[in-house]
Amino acid sequence: MAIQQRMRVRFEDVFPEGVGMRGSVTAVEDFDLIQAAKAEGREPGDVQVRDKESGLRVWEVRVVDYDEDAPKNQGEVTVKIAADVQPVPPSKVEGQKLRPVEFENLTVTAWIDDRGKRPKIGWSLRADGMHAPGAKPAATGSGKPQSVSEKGAA
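Take the sequence shown: its position 4, counted from the start at 1, is 9 in our numbering, and no numbers get skipped.
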């Protein structure tokens, strides 16, 4: 079957009005590793989640969808970014509470959200990086600057 688990989508298709970053970029921690270490009475050590496909560290960014017609409970979402080092968000824009951002190589993964009375489809969002709207990406998903040949190919 040609459908991959992570389906690549255009940022503009998911967020036609754009998004604003809320808070900071944070590491995603493995809850099970932390609980296992506590149960054994030891320090958990490095508990940051690794991406299943790339092995890179996983970071998360909370964003607010600027689309006023966004469905209920979808006005704020979390986008996970796989990168060796913590992604650096774009600079703040004077006079705005949220940092406008765009995501590079955005993917969606469908999952079943059965936390309510009726199960529904939920969407997990992942990206390789982020940048200011209209700006060209400055680094790859690994957190390393692009080489001249990579920039030319983009």
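Cβ atoms here follow ideal geometry from the backbone N, Cα and C, with glycine treated the same way.
Item	Value
Extent of the continuous alpha helix (DSSP H) run through ASP37	36–44
Sheet register partners of GLY134 (DSSP bridge)	GLU109
GLU22 (DSSP reduced to helix, strand or coil)	coil
Contacts around PRO49, its chain only, beta-carbon distance under 7 Å, and the 5 residues preceding and following it disregarded	LEU38, ILE39 and ALA42
Spatial neighbours of ASN110 in its chain, beta-carbon cut-off 8 Å, leaving aside the 5 residues before and after	ARG13, ALA132, ASP133, GLY134 and GLY146
Cut-off 8 Å between Cβ atoms - residues of its own chain near THR112, not counting five sequence neighbours on either side	ARG11, MET12, ARG13, VAL14, LEU130, ARG131 and ALA132
At least three beta-carbon pairs within less than 8 Å, the segment 53–66 to the segment 97–104	no
C-beta contact flag for VAL69 and VAL24 at 9 Å	yes
Span separating the alpha-carbon of GLN53 from that of PRO95	23 Å
Where GLU65 sits in the DSSP three-state scheme	strand
Residues near VAL153 in its chain [Cβ-Cβ closer than 7 Å; skip 5 each side]	Interpretation of VAL153 is limited by its pLDDT of 33, a score under 50 that renders its predicted location unreliable; the figure taken from the coordinates is listed afterwards. Result list for VAL153: empty, nothing under 7 Å.
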